[in-house]
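Chemist:
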Amino acid sequence: MTRPTRPITGPAVRRGAVPGHRTAPPRRRHGARAAAALGLAALLTVTGARGAVAHVLLETATPNGDGTTTLTFSFEHGCDGAPTTGLDVMLPAGVEAVSTVQPEGWAAEEEPGVVRWEGTPVADGTAARFELVARVTGTAGQAFWFPTTQTCTEGSYEWVDTDPAGAHPAPSFVATTATLAAPAAQPVSPGGAGTGSGPAGASLAQTLAAVAAASLAAAAAGTWYLARRRH
């Protein structure tokens with residue numbers, strides 16, 4: 373007698389599943405999605421950071437050992453893709469321009485309180501550096517801000533914020549004893565400190581003259597008194 377054959381049953385196969393392909397559990401899929409989202413966020417953060425440094429920067433402040441400091445300004449971008457043709461740097465109080473170094477095809481014009489560079493267009497994405505040799509006077513730890521205008525073939529940028537968190541921060545650096553110029557030596561009078569000069573010297577001379585006049589007056593009064601007694 374033949375026994376009835378039972379159908380062989382196994383794990384249910386979901387519709388649309390591919391044989392031999394293991395489907396990740398829902399929790400793992402959620403974890404994969406979260407990891408992908410974090411990766412995208414990190415990429416956007418890096419991209420944003422790169423965009424944030426797209427400013428005119430004061431890269432370095434290098435002391436030259438002769439009382440001057442070389443300030444290096446730089447940029448690597450234009451104005452929304454337009455090439456850069458000019459750079460105007462305002463000098464803060466305590467900074468005096470001595471000389472400049474600029475890329476080939478550019479020229480500098482120095483005026484009281486400002487240095488202007490103009491030249492052949494620098495393409496967007498191309499790095500350019502400009503050096504300003506200056507004499508800096510102030511105190512160690514003092515921040516110096518250089519409001520800067522970047523001019524392009526189309527449009528311009530104003531890098532003038534004195535807050536580093538601002539949208540358009542001005543180039544800046546913090547002075548050290550090495551970057552500051554030594555104070556000028558005070559001139560010494562030929563007669564030495566004992567002779568005095570200026571208002572102090574005048575006061576001493578006036579005092580001596582007053583003493584001499586008083587002595588003469590006293591002598592004259594004594595002579596007059598003796599002459600009167602004789603009469």
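Numbering-wise (our numbering), the sequence shown opens with residue 373 and increments by one.
From the three backbone atoms N, C-alpha and C, an ideal C-beta is built for every residue, glycine too.
Computed from a prediction, not measured in an experiment: that's the story for all the values here.
To which residues of the same chain is V532 closer than 7 Å at the C-beta, ignoring the five residues directly before and after it?
Modeler: By one-based count along the sequence shown, residue 532 stands at place 160. Answer for V532: P519, H540 and A542, listed in chain order.
Chemist: According to DSSP, is V532 part of a helix, a strand, or is it coil?
Modeler: Counting from 1 along the sequence shown, the entry for residue 532 is found at position 160. Three-state DSSP puts V532 in coil, outside helix and strand.
Chemist: Which residue's Cα is closest to the Cα of P536: L443, F516 and D452?
Modeler: Residue mapping note: residue 536 aligns to position 164 of the sequence shown, counting from 1. Selected option, being the one with the closest Cα: F516.
Chemist: Taking 8 Å as the cut-off, decide whether the C-beta atoms of G510 and E448 are in contact.
Modeler: In the sequence shown, the residue the question calls residue 510 occupies position 138. In the sequence shown, the residue the question calls residue 448 occupies position 76. Going by C-beta atoms, G510 is not nearer than 8 Å to E448.
Chemist: So, with DSSP's three-state summary, where would you put P519?
Modeler: Taking the sequence shown and counting its residues from 1, one reaches residue 519 at position 147. Coil.
Chemist: Since A469 and E482 are thought to touch, with beta carbons under 8 Å apart, how far apart are those beta carbons, to the nearest angstrom?
Modeler: For the purposes of this step, residue 469 is taken as the residue at position 97 of the sequence shown. For the purposes of this step, residue 482 is taken as the residue at position 110 of the sequence shown. The Cβ separation is near 5 Å, so the contact holds.
Chemist: Just list the beta strand (DSSP E) runs in the segment 440-527, keeping only unbroken ones of 3 residues or longer that don't cross its boundaries, in chain order.
Modeler: As far as the segment 440-527 is concerned, its whole beta strand (DSSP E) runs of at least 3 residues are 441-447, 456-462, 467-473, 478-483, 486-494, 500-508, 515-517 and 520-524.
Chemist: Tell me the DSSP secondary structure of A433 in three-state form.
Modeler: Residue numbering aside, residue 433 sits at position 61 when the sequence shown is read from its first letter. A433 falls in the strand class under three-state DSSP.
Chemist: Of all the options A554, V487 and G527, which has the alpha carbon lying nearest to the alpha carbon of V473?
Modeler: If you number the sequence shown from 1, residue 473 lands on position 101. Checking every option, the nearest Cα to that of V473 belongs to V487.
Chemist: Within the continuous beta strand (DSSP E) that includes V428, where are the two ends?
Modeler: Looking up residue 428 in the sequence shown gives position 56. No beta strand (DSSP E) holds V428; DSSP gives it neither H nor E.
Chemist: Using 8 Å as the threshold, is the C-beta distance between P464 and A550 below it?
Modeler: Here the question's residue 464 lines up with position 92 in the sequence shown. Here the question's residue 550 lines up with position 178 in the sequence shown. Cβ distance not < 8 Å, so P464 and A550 don't count as in contact.
Chemist: Going by C-alpha distance, which of C451, P493, G513 and W478 is nearest E503?
Modeler: In the sequence shown, residue 503 corresponds to position 131, counting from 1. Closest by alpha carbon: W478.
Chemist: Let's test the definition: count the other Cβ atoms within 10 Å of the Cβ of A512 and tell me whether it reaches 16, buried, or not, exposed.
Modeler: Here residue 512 refers to the residue found at position 140 of the sequence shown. When all chains shown are included, A512 counts as exposed.
Chemist: Among G437, L430 and L429, which one has its Cα closest to the Cα of A553?
Modeler: The residue labelled residue 553 in the question sits at position 181 within the sequence shown. When only C-alpha atoms are compared, the closest one is G437.
Chemist: Roughly how many angstroms separate the alpha carbons of G450 and A506, rounded to a whole number?
Modeler: Here residue 450 is taken as the residue at index 78 of the sequence shown, counted from 1. Here residue 506 is taken as the residue at index 134 of the sequence shown, counted from 1. Each residue's Cα considered, the two are about 26 Å apart.
Chemist: For P543, which of helix, strand or coil comes out of DSSP?
Modeler: On the sequence shown, residue 543 is found 171 positions in, with the first residue counted as 1. It is coil, neither helix nor strand.
Chemist: I believe V461 touches V508 by the beta-carbon criterion, under 8 Å. Please report the beta-carbon distance rounded to the nearest angstrom.
Modeler: Taking the first residue of the sequence shown as position 1, residue 461 is located at position 89. Taking the first residue of the sequence shown as position 1, residue 508 is located at position 136. About 14 Å separates the two Cβ atoms, so there is no contact after all.
Chemist: Could you work out which residue in C524, T441, G458 and H427 is closest to S471 when comparing CA atoms only?
Modeler: Position 99 of the sequence shown, counted from the start, is the residue given in the question as residue 471. Of the listed residues, the one whose Cα sits closest to S471 is T441.
Chemist: Buried or exposed, going by whether 16 or more other CB atoms sit within 10 Å of the CB of T492?
Modeler: Along the sequence shown, read from residue 1 onward, the residue named residue 492 stands at position 120. Exposed is the call here.
Chemist: Could you tell me whether the Cβ atoms of S644 and T534 are closer together than 8 Å?
Modeler: The shown model of the chain, from 373 to 603, leaves out residue 644, and the question about it has no answer.
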